[in-house]
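The structure appears below as structure tokens.
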Amino acid sequence: MYNIVIVEDEPIELESLHRIIAQCVDNAVLHEASTGKRAIELIDELKHIDMMFIDINIPLPNGKEVIEYLKAKNTETKVVVTTANDDFDLLHSMITLRVEDYLLKPVKKTTLTDTIKRTLGIDEQTTSASSALKTEVLNLLQNDNCTQWHNFLLKHINHAYEQTLAGTEARRNVTELLEILNTYLKSLGHQYASVCSILDELIHEVEWHGLTQALYSHLTLSLLKLSHDIFAVSGNTVGNKDFIQRAKLHIERHILSDLSLDDIASHAYVSSCYLSRAFKKKQQIGLSNYVAQRKLHVACGLLQFSDLKINAIALELAWQDANYFCRIFKKEQGIAPSDYRLMHAPRRH
């Protein structure tokens with residue numbers, strides 16, 4: 001996701017820029033300002049701005065002063081100046097402000113599109129990757145595959161954290177995923193309003209704080225909790241799944257809760273004894289071991305990327321006894337949680 005700010009006091013020009021940029025960049029959040037004062041407010045409000053389009057002749061403070069203020073706070077923001085004034089001295093002053101480009105009005109659509117792609121580094125490979133991510137997210141959600149959704153979430157977020165720890169800025173990889181999820185749920189109607197509100201907050205936190213250790217646990221645990229509502233059980237959901245699938249769905253929707261055989265069986269609409277025997281026969285693993293493995297999959301990420309203490313991780317996964325959690329972890333992983341953290345936590349650059 002890209003944060004793009006448009007600073008333009010002429011309504012027609014503002015509307016035209018908004019439309020062209022929205023068409024050019026699929027995963028963009030556009031912010032608008034018609035005065036220099038509002039532009040400065042946006043600079044203060046938004047932790048990260050990828051690109052700013054600014055008319056140099058906006059009302060005070062003028063465009064030059066806004067750019068100076070922006071550059072003092074965020075030197076990484078790309079700035080493109082738009083103006084109807086073809087003045088050499090003005091052009092020279094833009095160079096000293098380290099702006100990326102200088103466009104004369106009226107700006108042609110092709111010129112603007114080329115400038116955006118070049119400035120943001122958007123190429124066919126980036127566009128293709130974004131499209132593939134959207135397709136994968138929608139397939140998982142529309143196929144009601146909560147288990148694979150959780151696997152995908154953890155893999156995607158963990159990879160972004162690995163990139164961050166290696167020195168590569170990767171917060172956009174996470175915000176893009178959250179934006180795709182958010183947009184899809186909003187399209188389904190008001191019943192997901194509370195979920196979308198939480199997603200909006202998570203997007204803001206990732207943009208504001210970046211992929212920090214402290215954010216990892218909040219981000220991943222919040223997304224796992226949201227699955228309870230995203231994969232809400234309906235009559236169609238029950239009718240289209242066999243009892244093993246219903247059991248797995250219940251486990252994933254309550255992966256952070258204390259899960260008992262009786263509780264899982266009641267939501268699978270079979271007896272506890274029958275579920276226990278059939279699950280082991282079909283899945284080649286006992287139900288309690290399966291639940292433990294699913295929880296430990298989450299625990300591994302928390303140990304590797306978060307700053308949560310081991311007893312806190314146990315509690316988040318509904319193991320009240322940290323010693324029991326450690327025994328289960330060592331049995332499944334062959335190593336104690338503390339040793340796993342030391343062995344797998346990547347070095348921070």
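Position one of the sequence shown corresponds to residue 1 (UniProt numbering), numbered consecutively onward. Note that CB positions come from ideal geometry on N, CA and C, so glycine has one too. In this text, all values refer to a predicted model and were calculated from it rather than measured experimentally.
| Check | Outcome |
| --- | --- |
| In this structure, how does DSSP classify H349 when only helix, strand and coil are distinguished? | Confidence in H349 is poor, its pLDDT being 44 and thus under 50, which makes the residue's placement unreliable; the coordinate value appears in the next sentence. Reduced to three states, the DSSP call for H349 is coil. |
| From F305, K295, K331 and V81, pick the residue whose C-alpha is nearest to that of E314; which is it? | According to the sequence displayed, residue 314 carries Ala and not Glu. A314 has its Cα closest to that of K295, out of F305, K295, K331 and V81. |
| Consult DSSP for N57 and reduce its assignment to one of helix, strand or coil. | coil |
| Note down the Cα distance separating E10 from L112, rounded to an integer number of angstroms. | 17 Å |
| Could you pull out every residue in the same chain whose Cβ sits closer than 7 Å to the Cβ of A22, ignoring the five residues on either side in sequence? | A28 and L30 |
| Among L287, L303 and Y324, which one has its Cα closest to the Cα of H344? | L303 |
| Spatial neighbours of L219 within its chain, please: CB distance less than 8 Å, with the 5 preceding and 5 following residues excluded, ordered by chain position. | I157, V174, L202, E205 and V206 |
| Would you check if the distance between the CB atom of S227 and the CB atom of C146 is smaller than 8 Å? | yes |
| Quick one: what does DSSP say N344 is sitting in, helix, strand or coil? | According to the sequence as given, residue 344 is His; it is not Asn. If DSSP states are grouped into helix, strand and coil, H344 belongs with the helices. |
| Work out the CA separation of W319 and L178 for me, nearest whole Å. | 29 Å |
| My output table needs one value for E316: the three-state DSSP class, helix, strand or coil. | helix |
| Find out if the Cβ-Cβ distance for the pair T110, D101 is shorter than 8 Å. | no |
| Residue range of the alpha helix (DSSP H) that I251 falls in? | F243 to R253 |
| Can Y184 and L138 be called in contact, C-beta distance under 8 Å? | yes |
| Give me the DSSP bridge partner(s) of I4. | L30 and M51 |
| How is the beta strand (DSSP E) around K78 delimited, first residue to last? | K78 to T83 |
| Among I56, F279, V5 and Y340, which residue has its Cα nearest to the Cα of A33? | V5 |
| Which partner residues of Y102 appear in the DSSP bridge assignment? | V81 |
| Just to confirm, are I244 and K282 a CB contact at a threshold of 8 Å? | yes |
| With the cut-off set at 8 Å, would you say V81 and I54 are in Cβ contact? | yes |
| Please give the ranges of any alpha helix (DSSP H) in the region 170-210, keeping only runs that are unbroken, at least 4 residues long and fully inside the region. | 171-187 and 193-209 |
| Count the other C-beta atoms from every protein chain shown that fall within 10 angstroms of the C-beta of C273, then say buried if there are 16 or more, exposed otherwise. | exposed |
| What first and last residue would you give for the alpha helix (DSSP H) that runs through L120? | K109 to L120 |
| Tell me the DSSP secondary structure of F231 in three-state form. | coil |
| Tell me the DSSP secondary structure of Q284 in three-state form. | coil |
| Can you check which of these residues, L70, A247, T83 and L259, is closest to L103 by C-alpha distance? | T83 |
| Check whether the Cβ atoms of I49 and V7 sit closer than 8 Å, and answer yes or no. | no |
| Between Q293 and E252, how many whole angstroms is the CB-CB distance? I'm expecting something under 8 Å. | Wrong, their Cβ atoms sit about 12 Å apart, outside the cutoff. |
| Would you report the Cα separation of A278 and G286, rounded to the nearest angstrom? | 9 Å |
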